[in-house]
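**Student:**
In full-length UniProt numbering, the protein residues as written are 1 to 225.
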């Protein structure tokens with residue numbers, strides 16, 4: 001068991017932590033442990049001479065490999081997580097062992113990292129549920145049928161908004177086209193071909209040539225106006 005300073009570059013602070021020196025009876029290597037294992041160490045749950053069963057350990061501290069005999073003197077170390085580490089029997093053989101790395105639910109820690117394996121029995125199956133977070137932070141839980149209805153309602157609202165936007169855009173484009181028509185020169189023949197009451201009204205009121213042509217409106221154009 002040894003101490004080291006863990007420097008947090010983001011916060012600009014350092015914290016004294018404990019590490020372990022491990023051996024398989026042949027080679028030695030340092031190990032860094034997470035917070036649950038730090039707590040176990042401070043409560044003397046882990047002591048010098050105790051044996052550990054370790055799964056899912058990660059090698060960190062270097063980009064290239066080093067000889068096994070030099071691991072202890074290098075920057076290489078094992079990173080252990082509490083949820084994949086447990087005490088072994090006092091007579092357990094060192095080295096790579098064949099054991100069932102199943103964790104118990106009561107032994108898991110929220111901050112204990114990776115869980116290698118867990119053995120459970122499914123006693124009940126619940127239907128699929130959906131949860132939506134509202135703007136005020138509250139939650140709405142729905143079953144599959146309710147979620148489908150909510151999805152359709154949402155798509156309906158989105159389509160309504162899209163349709164409204166398209167209608168407004170069309171109105172803007174129509175007004176722009178009418179304004180452009182009012183400003184360009186217009187012949188009597190072109191005037192007589194117009195059948196839209198709205199276009200006739202806009203032209204007569206905004207186009208000087210169309211105002212003169214208004215004396216020659218056809219019966220159909222008069223009806224539309």
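From the three backbone atoms N, C-alpha and C, an ideal C-beta is built for every residue, glycine too.
#1: To the nearest angstrom, how far is it from the Cα of residue 58 to the Cα of residue 29?
#2: Since I believe residue 112 is in contact with residue 73 (beta carbons under 8 Å), could you give me their beta-carbon distance rounded to a whole number of angstroms?
#3: Touch check for the region 122 to 135 and the region 92 to 105: three-plus C-beta pairs under 8 Å?
#4: Since residue 129 is in the beta strand (DSSP E), which residue starts that stretch and which ends it?
#5: State the start and end residues of the unbroken beta strand (DSSP E) segment that holds residue 14.
#6: Anyone know if the C-beta pair for residue 88 and residue 51 falls short of 8 Å?
#7: Starting from residue 31, trace the alpha helix (DSSP H) in both directions and tell me its first and last residue.
#8: Nearest CA to the CA of residue 62: which residue from 158, 75, 4?
#9: Would you report the Cα separation of residue 14 and residue 149, rounded to the nearest angstrom?
#10: Secondary structure at residue 85, three-state DSSP: helix, strand or coil?
#11: Can you give me the C-alpha to C-alpha distance between residue 275 and residue 1, rounded to a whole angstrom?
#12: Measuring alpha carbon to alpha carbon, tell me which of 86, 91, 85, 104 ends up nearest residue 118.
#13: Could you spell out the range, first to last residue, of the beta strand (DSSP E) harbouring residue 142?
#14: May I ask which residues mark the beginning and end of the beta strand (DSSP E) holding residue 79?
#15: Output the boundary residues of the beta strand (DSSP E) element that contains residue 59.
#16: Ends of the beta strand (DSSP E) at residue 100?
#17: Are the CB atoms of residue 114 and residue 56 within a distance shorter than 8 Å?
#18: Relative to the C-alpha of residue 228, which residue among 37, 42, 33, 120 is closest?
#19: Less than 8 Å separating the beta-carbons of residue 18 and residue 41?
#20: For residue 117, write down the residues that DSSP places opposite it in a beta bridge.
#21: Taking 8 Å as the threshold (C-beta atoms), are residue 123 and residue 84 in contact?
**Tutor:** The short version:
#1: 12 Å
#2: 30 Å between Cβ atoms; not a contact.
#3: no
#4: 129 to 133
#5: 13 to 23
#6: yes
#7: Counting along the chain, residue 31 falls outside any alpha helix (DSSP H), though it belongs to the beta strand (DSSP E) covering 28 to 33.
#8: 75
#9: 53 Å
#10: strand
#11: Here the chain comprises residues numbered 1 to 225, so residue 275 is not present and cannot be evaluated.
#12: 104
#13: 139 to 143
#14: 77 to 80
#15: 58 to 60
#16: No beta strand (DSSP E) holds residue 100; DSSP gives it neither H nor E.
#17: yes
#18: Any answer about residue 228 is impossible in this case: the structure gives the chain only from 1 up to 225.
#19: yes
#20: 102
#21: no
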